[in-house]
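If you count the sequence shown from 1, position 265 lands on 265 in UniProt numbering, and the numbers rise without skipping. Ideal Cβ positions, reconstructed from N, Cα and C, are used throughout, including at glycine. Just so it is clear, the structure is predicted and the values come from calculations on it, not from any experiment. So the structure is just underneath, and the comments pick up after that.
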Amino acid sequence: MLRYLFLAILIISCSPEKTKQDLQNTSEVVEDLNSLDTGTVEDPIDKGVIEEPDLIIDDQLGDEQGQEQDLSNDDDADLNEDPYEDVDDQDPTQGNDPGQNGIMNGVSIDSITFEGDGCPAGSTLVNLAEDGMAFDVVYSEFIVEKVQGEQGQLRDCEVSLTLKYPQGWSFTLLNTAYRGAVFLEEGVSAQILASYGTNGSNFGSAELVIPGPIDESYTAPFDWQDSFKSSCDGTEELVIHTEIGLNGGLDREGFFTVDSLTGQLESTTEILWSRCDDSSQSD
1 MLRYLFLAIL IISCSPEKTK QDLQNTSEVV EDLNSLDTGT VEDPIDKGVI EEPDLIIDDQ
61 LGDEQGQEQD LSNDDDADLN EDPYEDVDDQ DPTQGNDPGQ NGIMNGVSID SITFEGDGCP
121 AGSTLVNLAE DGMAFDVVYS EFIVEKVQGE QGQLRDCEVS LTLKYPQGWS FTLLNTAYRG
181 AVFLEEGVSA QILASYGTNG SNFGSAELVI PGPIDESYTA PFDWQDSFKS SCDGTEELVI
241 HTEIGLNGGL DREGFFTVDS LTGQLESTTE ILWSRCDDSS QSD
């Protein structure tokens, strides 16, 4: 008797009417949840809580600045490959060696030293472009400033770097471009003096004077064409000496640096590569 009573209860609990009622109850719960006013989550940028960053593009330096190729995790790199293979058949001015991938294919900076009050330790760096066709020098503390009641200020920095490149090639420095910002009151002037040399000898210098009043960004180009040609031995030391200064009346003010966005003095030097002939290599 109890067995038949249990079966009757089981049949009633599994009836279609019971299942339909459960689904209806579930639907009502979902509708109740959807009807709750949880508030609108507002974008923190639209509310002014977070400031939307501006897109900054440096059109003058392009993408080469600061880019150094790390081959330590390159799974496709052939460790047995000779980076100088077929170098005699390649033209560096056409994007080969030491062209498009100059650092990887044989052009590199072997050593760098800095000296002067314009480039204290840790404040200056040199970047070689990946195509080996230019290098940048960036100074973070190479700045001169003049306030009322003070005389002018002068700072200098000497950068010595050794370029390493495949034997049988030589290079010429085409030009150097200094970029930055200057603010000068009337009666105050700024100066850049740049000189290049190698192995203790100076092969070129140039000076630019900027008179006030002025308050703007600028580019100061220096042309070195036909003033120097490297050896064909595969290494060459370059010495780059730069001075920047301000002078004017005691009641005048001025500020002078290079690269108005970051306050860093920066110079870019372009390099022209050429193949050495037999007579050049025998010298």
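- Cβ-Cβ separation between E243 and L184: approximately 17 Å, too far for a contact (criterion under 8 Å).
- Using a Cβ distance threshold of 8 Å, D117 and N127 do not count as a contacting pair.
- Just so you know, the alpha carbons of E186 and T269 end up roughly 32 Å apart.
- Exclusion of the five residues before and after P221 leaves N175 and A177 as the residues of its chain whose Cβ lies within less than 7 Å of its Cβ.
- In the DSSP assignment, the residues bridged to F135 are L128 and T269.
- Of all alpha-carbon atoms in L193, L246 and S227, the one lying nearest the alpha-carbon of S201 is that of S227.
- Judged by DSSP in its simplified three-state form, V188 adopts strand.
- Here P211 carries a strand assignment [DSSP, helix/strand/coil].
- A check of alpha carbon separations from L125 across T198, V159, V188 and E145 identifies V159 as the nearest.
- According to DSSP, W224 shares a beta bridge with no other residue.
- Check the Cα spacing between Q151 and each of V209, Y139, G249 and F114: the tightest is with G249.
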